[in-house]
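Asker: Residue numbers are given in this note's numbering: position 73 of the sequence shown equals residue 73, and the series is strictly consecutive.
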Amino acid sequence: MIEAVPLKGSDSHFPRVMVVDDEECIRETMHELLDSEGISALIVAEAGDCLRLLREGFRGLILMDVMMPGKDGWETIREMKKEGLIQGNIISMLTAMDVPDERLEGLKENVIDYIIKPFEPSELIASIRMYLKLLDRIQSGA
Numbered sequence: 001m002i003e004a005v006p007l008k009g010s011d012s013h014f015p016r017v018m019v020v021d022d023e024e025c026i027r028e029t030m031h032e033l034l035d036s037e038g039i040s041a042l043i044v045a046e047a048g049d050c051l052r053l054l055r056e057g058f059r060g061l062i063l064m065d066v067m068m069p070g071k072d073g074w075e076t077i078r079e080m081k082k083e084g085l086i087q088g089n090i091i092s093m094l095t096a097m098d099v100p101d102e103r104l105e106g107l108k109e110n111v112i113d114y115i116i117k118p119f120e121p122s123e124l125i126a127s128i129r130m131y132l133k134l135l136d137r138i139q140s141g142a
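1. Once you ignore the five residues that flank Q184 on each side, which residues in its own chain have a CB closer than 8 Å to its CB?
2. Can you tell me where the beta strand (DSSP E) with M67 in it begins and where it stops?
3. Helix, strand or coil: which one does DSSP assign to M130?
4. Roughly how many whole angstroms lie between the Cα atoms of K81 and L51?
5. Where do the N-terminal and C-terminal ends of the alpha helix (DSSP H) with L36 fall, by residue?
6. Three-state secondary structure (DSSP) at L85?
7. Taking the CB atoms as reference points, tell me whether M93 and I115 lie closer together than 8 Å.
8. First and last residue of the alpha helix (DSSP H) that includes A47?
9. For M64, is the classification buried or exposed, using 16 other Cβ atoms within 10 angstroms of its Cβ as the cut-off for buried?
10. Run the CB neighbour count on D113, radius 10 Å, all protein chains shown included, and call it buried at 16 or more, exposed below.
11. Span of the beta strand (DSSP E) holding M18?
12. Tell me the DSSP secondary structure of D113 in three-state form.
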């Protein structure tokens, strides 16, 4: 299921953040938090929806859960690389693990950050705003 956070204020016409997490409580929390900050987002429960939105043209910040049933976050990144969907996106992994899995060294180059759950809302919003500024610079070629 895909939920779109309503657009607010001067934010872009299209959502610039995608949250991919199988836990309903995380999706609801992220929806409320991003909405309250006026950040437009797509909230999805599984990797398949994430990949479909990327194929349809989404480019932006992706906050992706590491451990999900079916295709996990790392498998999703592999698929993104295989299909050429990495470019134009910034990926931050949401994880309950303190230390990233060393076996995934080859995929870490595609991840800007790891956000440990449970997260502090104000720190998360500050990170999201910083990554969106970085995304603007990347997309403008600056």
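We treat Cβ as the ideally placed atom computed from N, Cα and C, and that holds for glycine.
Answerer: Reading off the structure:
1. This structure cannot speak to residue 184, because the chain is shown only from 1 to 142.
2. Where M67 is concerned, there is no enclosing beta strand (DSSP E), given that its DSSP letter is neither H nor E.
3. helix
4. 11 Å
5. Here the sequence assigns Ser to residue 36, which means Leu is not the residue at that position. Here the alpha helix (DSSP H) through S36 covers E24 to S36.
6. coil
7. yes
8. A47 to R55
9. buried
10. exposed
11. V17 to V20
12. strand
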